[in-house]
Amino acid sequence: MTQQLQGLEVTTNKKGFLECNGEVLETLPAGTFRVRFPNGYEILAHLSGKMRLNRISLLPGDKVIIEMSPYDLTKGRVTRRI
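Each residue of the sequence shown is one higher than the one before, starting from 62 at the first, in this note's numbering.
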């Protein structure tokens, strides 16, 4: 299901998490990244377990899919690199 949230196109996955596209701005310590959405909103996100196990690296400028909890929109999880 696709919906608009603060000018951002967001889909809901099977587990009830919100998914949207973003761009990596910078790499921070401990596998954390600052990600910007198309509407200019920025959050902190960490790598999902499968991305960490497969040693997928992210660089500034990479397009990613972010999974967020509907209760805390300031943190997220990077689930896929596009």
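From the three backbone atoms N, C-alpha and C, an ideal C-beta is built for every residue, glycine too.
It should be emphasised that the depicted structure is a prediction, and the values quoted were computed from it without experimental measurement.
Annotation: Thr73 to Arg141 spans about 15 Å, alpha carbon to alpha carbon. Of the other Cβ atoms in all chains shown, 16 or more fall within 10 Å of the Cβ of Gly83; this residue is therefore buried. Each residue's CA atom was taken as its position, placing Arg116 and Pro90 some 16 Å apart.
In this structure, the alpha-carbon of Ser109 lies about 24 Å from that of Gln65.
The beta carbon of Ile126 sits closer than 7 Å to the beta carbons of Glu80, Asn82, Thr140, Arg141, Ile143 from its chain, once the five residues preceding and following it are set aside; these are given in chain order.
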